[in-house]
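Following: one structure in structure tokens, then a few remarks.
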Amino acid sequence: MSEYFPYHSLRPNQEEFIKLVDNAVRNGENLVIEAPTGFGKTISVLAGALPYAKEMGYKIIYLARTHKQMDRVIEELKAINKKVHVSGVEFRSRKELCLHQYIQNFAPDAYNAMIVCKNLKKLGKCEFFENLKKKKEEFDELVQYFLQTPAEPISILTYSKMFDFCPYELTRKVALESDVIVASYLYMISPSIRENFMSYFDFEYSDLILIFDEAHNLPDQAINALSDKISIHSINRAIKEADEYKEHEIANFLSIFLKGLENLYQEKLKDMQIEEVPILPESIFYHVFDVLGINERGLVRILDQMVKAGDAIREDKIERNLPPRSYVGRVGEFLLLWFALIGKEDYLFLLSRDKGLSLELVALDPSKALSFVKHVQSTIFMSGTLTPLEAFVDIMGIEGKLKKFPRMVKRENALVLVAKDVSTRGDERSLGLYRKLTKYIVEAAKLIPKNVGVFTASYEVLEGLLSANVDIQIEEETGKKVFIEKKGASSKENDLLVMAFKEEAKKDGAVLLGVMGGRNSEGQDYSGDEMNGVVLVGIPYARPTPRVQAQIRYFENKFPGKGRYYGYVLPAHRKLVQAAGRVHRSAEDKGAIIVLDYRLLWSNVRKDLPDWMRETIKPVTLASMKRCLIDFYREEKIKVKEN
Numbered sequence: 001m002s003e004y005f006p007y008h009s010l011r012p013n014q015e016e017f018i019k020l021v022d023n024a025v026r027n028g029e030n031l032v033i034e035a036p037t038g039f040g041k042t043i044s045v046l047a048g049a050l051p052y053a054k055e056m057g058y059k060i061i062y063l064a065r066t067h068k069q070m071d072r073v074i075e076e077l078k079a080i081n082k083k084v085h086v087s088g089v090e091f092r093s094r095k096e097l098c099l100h101q102y103i104q105n106f107a108p109d110a111y112n113a114m115i116v117c118k119n120l121k122k123l124g125k126c127e128f129f130e131n132l133k134k135k136k137e138e139f140d141e142l143v144q145y146f147l148q149t150p151a152e153p154i155s156i157l158t159y160s161k162m163f164d165f166c167p168y169e170l171t172r173k174v175a176l177e178s179d180v181i182v183a184s185y186l187y188m189i190s191p192s193i194r195e196n197f198m199s200y201f202d203f204e205y206s207d208l209i210l211i212f213d214e215a216h217n218l219p220d221q222a223i224n225a226l227s228d229k230i231s232i233h234s235i236n237r238a239i240k241e242a243d244e245y246k247e248h249e250i251a252n253f254l255s256i257f258l259k260g261l262e263n264l265y266q267e268k269l270k271d272m273q274i275e276e277v278p279i280l281p282e283s284i285f286y287h288v289f290d291v292l293g294i295n296e297r298g299l300v301r302i303l304d305q306m307v308k309a310g311d312a313i314r315e316d317k318i319e320r321n322l323p324p325r326s327y328v329g330r331v332g333e334f335l336l337l338w339f340a341l342i343g344k345e346d347y348l349f350l351l352s353r354d355k356g357l358s359l360e361l362v363a364l365d366p367s368k369a370l371s372f373v374k375h376v377q378s379t380i381f382m383s384g385t386l387t388p389l390e391a392f393v394d395i396m397g398i399e400g401k402l403k404k405f406p407r408m409v410k411r412e413n414a415l416v417l418v419a420k421d422v423s424t425r426g427d428e429r430s431l432g433l434y435r436k437l438t439k440y441i442v443e444a445a446k447l448i449p450k451n452v453g454v455f456t457a458s459y460e461v462l463e464g465l466l467s468a469n470v471d472i473q474i475e476e477e478t479g480k481k482v483f484i485e486k487k488g489a490s491s492k493e494n495d496l497l498v499m500a501f502k503e504e505a506k507k508d509g510a511v512l513l514g515v516m517g518g519r520n521s522e523g524q525d526y527s528g529d530e531m532n533g534v535v536l537v538g539i540p541y542a543r544p545t546p547r548v549q550a551q552i553r554y555f556e557n558k559f560p561g562k563g564r565y566y567g568y569v570l571p572a573h574r575k576l577v578q579a580a581g582r583v584h585r586s587a588e589d590k591g592a593i594i595v596l597d598y599r600l601l602w603s604n605v606r607k608d609l610p611d612w613m614r615e616t617i618k619p620v621t622l623a624s625m626k627r628c629l630i631d632f633y634r635e636e637k638i639k640v641k642e643n
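When we follow the UniProt record's numbering, the leftmost residue of the sequence shown carries the number 1, and every step to the right adds one.
What follows is the structure in structure tokens.
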């Protein structure tokens with residue numbers, strides 16, 4: 001057993017997992033592992049990677065999607081540290097690790113916080129950064145303190161406040177000397193963030209061992225990191241800003257550019273019943289070329305001028321204690337990127353109505369975000385839902401060993417029921433269908449003890465259920481409170497919602513309504529009675545929008561015969577399996593999974609399910625579902641009475 005495994009006993013297959021990871025990092029190989037929920041993947045991968053990393057001086061970068069997952073890594077590092085010394089720190093964005101009131105007040109996101117931070121330091125206007133030099137000895141002592149035991153962001157923030165130090169710089173300094181850096185995916189899959197990260201630490205890729213947790217998220221996260229968009233609203237604001245700063249050439253250029261976009265809108269979207277349309281990327285510049293008589297070189301010159309003007313505008317706004325955003329700079333950066341990508345087959349160029357008229361750059365190849373991995377010592381990709389592993393390797397463009405560990409869910413603890421008379425297929429959706437689905441949901445909520453999750457294929461389906469008064473009927477007929485996930489809610493709002501939902505498990509129980517692929521159906525842990533069953537309403541196939549169709553075409557060209565499967569089918573099946581996995585967080589958890597869509601009975605869908613689901617599927621009607629649930633939970637009710 002690895003000396004970095006801190007617990008007294010191993011769970012089934014953990015020793016093999018640890019040895020696989022140890023061999024991979026020693027041999028400079030990549031490893032793709034599927035292991036079920038409750039396996040203990042986090043501690044296993046750390047126990048496998050740390051011995052060689054410590055021996056040879058490699059830096060482990062542990063990448064996760066959510067803060068909760070990142071916090072979990074620090075918890076495991078603390079457990080290891082009680083047995084053998086290991087250091088680690090959790091990275092957050094500048095905005096989250098900043099004490100400067102200006103950034104707290106005016107920087108709305110991580111990008112703007114980064115820009116503002118750079119300018120504040122340059123202008124000598126950040127006392128917390130200046131204190132690093134003024135109180136160097138105290139700062140160095142604090143760094144050494146945090147290298148003694150793995151540290152959460154809250155601890156670093158607390159001590160930074162006490163000494164008036166910059167928490168972000170303290171985190172970076174600790175990270176420079178730590179064995180393990182825990183961070184968001186973006187630190188490695190966003191090209192600009194990765195470049196800043198690597199240059200600050202002066203890392204070589206060959207110095208790194210990477211761990212991607214919950215790696216089934218990587219394709220979508222990579223696409224998002226490589227994509228960008230800008231709205232007409234931002235262009236209008238940029239024109240006003242350019243006028244205000246007497247940048248008349250820029251204001252004139254943007255006004256003409258905007259007129260060209262309005263012409264495109266009239267031609268492509270205005271009278272259409274569609275939300276987005278692909279366009280020729282160069283077409284957004286036609287009007288500018290015609291009116292101003294400039295060529296491509298002239299275009300790049302003025303876009304570069306916009307970026308430089310944006311930097312100057314931000315500096316001026318900081319001096320005047322105003323919000324530091326520069327619309328001129330942002331539009332210039334976006335249009336330079338757009339222009340640079342013309343002719344690239346792995347991007348889709350869209351005109352869309354999303355939150356007003358917008359231009360969108362949509363990346364189609366997630367593997368581009370991992371092109372650097374071939375230079376890394378070793379990369380471990382792990383998740384509970386990567387089946388089929390070969391598809392994941394194809395899509396992400398990686399080479400490595402593949403390993404799938406067997407299920408941990410006991411057959412007698414899992415009930416998988418599929419309604420054979422309903423589906424959320426587009427042509428079947430109606431108020432009548434939503435009322436029928438509501439009957440299934442209400443009966444399931446009655447019979448499943450305590451907390452129940454109801455995850456729909458989309459927000460559209462969720463709205464359909466609400467139109468059938470699903471929330472009212474649940475509360476009236478079960479007495480359980482209903483919590484509804486809100487589209488666009490902040491992380492804090494959602495955390496409070498989930499916390500309140502979980503608290504109801506201590507009382508009579510509650511029902512959480514959300515969507516598959518959302519933050520509450522993936523990566524969220526529900527222990528004990530916090531989720532004894534889930535109802536999955538439909539299969540979350542994406543709408544056949546231009547971006548989905550372009551994704552399918554791109555994958556078909558890259559992987560002949562697999563385009564629709566890779567670009568449309570498999571992502572939906574993985575989202576469904578992730579949502580189903582909220583019930584069984586350990587081998588002993590008992591729970592029911594009810595899928596309200598007969599398509600799950602089709603062989604081409606069933607093949608993508610984990611074995612524990614596939615082997616226990618039972619087709620049901622409303623009446624037989626009720627009988628199955630009564631029988632399944634009868635033993636639990638007897639235990640409750642006996643206690």
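Where is the CB? At the ideal position from N, CA and C, for every residue including glycine.
Everything numeric in this text was worked out from a predicted model, so none of it was measured.
From residue i to residue j, what does the alpha carbon distance come to, in whole angstroms?
{"i": "I74", "j": "L120", "result": "31 Å"}
{"i": "P12", "j": "I33", "result": "15 Å"}
{"i": "A489", "j": "L433", "result": "28 Å"}
{"i": "K268", "j": "I232", "result": "15 Å"}
{"i": "F392", "j": "L386", "result": "7 Å"}
{"i": "G356", "j": "Q473", "result": "36 Å"}
{"i": "F405", "j": "H216", "result": "16 Å"}
{"i": "R353", "j": "K317", "result": "31 Å"}
{"i": "K82", "j": "Q14", "result": "20 Å"}
{"i": "I256", "j": "S199", "result": "39 Å"}
{"i": "K502", "j": "L402", "result": "36 Å"}
{"i": "Q578", "j": "P449", "result": "21 Å"}
{"i": "I313", "j": "D611", "result": "58 Å"}
{"i": "L210", "j": "V376", "result": "8 Å"}
{"i": "A35", "j": "E390", "result": "15 Å"}
{"i": "S423", "j": "L536", "result": "11 Å"}
{"i": "E29", "j": "I441", "result": "47 Å"}
{"i": "T616", "j": "N604", "result": "17 Å"}
Considering only C-alpha positions, which residue in the set the options is nearest to residue i?
{"i": "F139", "options": "R172, M306 and G384", "result": "R172"}
{"i": "D529", "options": "L600, Y568, N451 and A580", "result": "N451"}
{"i": "A183", "options": "K135, N81 and D71", "result": "D71"}
{"i": "K41", "options": "D213, E275, R92 and V180", "result": "D213"}
{"i": "R301", "options": "N321, G332, I284 and V291", "result": "G332"}
{"i": "V362", "options": "G260, T158 and A222", "result": "A222"}
{"i": "W338", "options": "S367, E296, N131 and R411", "result": "E296"}
{"i": "E282", "options": "T438, K118 and F349", "result": "F349"}
{"i": "G538", "options": "A444, K562 and R599", "result": "R599"}
Identify the residues that DSSP records as bridge partners of residue i: which are they?
{"i": "T621", "result": "DSSP, once it has assigned bridges, lists no residue as partnering T621."}
{"i": "F483", "result": "L512"}
{"i": "T456", "result": "V515 and V537"}
{"i": "A151", "result": "V89"}
{"i": "P388", "result": "Answer by DSSP bridge pairing: none, since P388 is not bridged."}
{"i": "S210", "result": "As written in the sequence, residue 210 is Leu, which differs from the Ser given in the question. Looking at the DSSP assignment, L210 forms a beta bridge with I61 and T379."}
{"i": "L415", "result": "A592"}
{"i": "A183", "result": "L63"}
Could you have a look at residue i and say whether DSSP puts it in helix, strand or coil?
{"i": "T42", "result": "helix"}
{"i": "K420", "result": "coil"}
{"i": "P219", "result": "helix"}
{"i": "L258", "result": "helix"}
{"i": "K641", "result": "In this predicted model, K641 has a pLDDT of only 39, less than 50, meaning its place in the structure is not dependable; the value taken from the coordinates is given anyway. In the structure shown, K641 sits in a helix (DSSP, three-state: H, G or I)."}
{"i": "V583", "result": "coil"}
How would you write the range of the alpha helix (DSSP H) that residue i sits in, first residue to last?
{"i": "M382", "result": "Per DSSP, M382 belongs to no alpha helix (DSSP H); it is in the beta strand (DSSP E), S378 to S383."}
{"i": "D164", "result": "Looking at the DSSP string, D164 is not in any alpha helix (DSSP H), and its letter there is neither H nor E."}
{"i": "S358", "result": "No alpha helix (DSSP H) contains S358, which is instead part of the beta strand (DSSP E) from S358 to A363."}
{"i": "E493", "result": "S491 to E503"}
{"i": "S199", "result": "P191 to F201"}
{"i": "K19", "result": "Q14 to N27"}
{"i": "Y347", "result": "Looking at the DSSP string, Y347 is not in any alpha helix (DSSP H); the run it does join, the beta strand (DSSP E), is Y347 to S352."}
Start and end of the beta strand (DSSP E) containing residue i?
{"i": "residue 670", "result": "Any answer about residue 670 is impossible in this case: the structure gives the chain only from 1 up to 643."}
{"i": "I593", "result": "G591 to V595"}
{"i": "E34", "result": "L31 to E34"}
{"i": "D228", "result": "D228 to S231"}
{"i": "L402", "result": "K401 to K404"}
Kindly say whether residue i, judged by its beta-carbon, lies nearer than 8 Å to any beta-carbon of chain B.
{"i": "L170", "result": "The chain labelled as chain B is not found in the depicted structure, where only one protein chain is given."}
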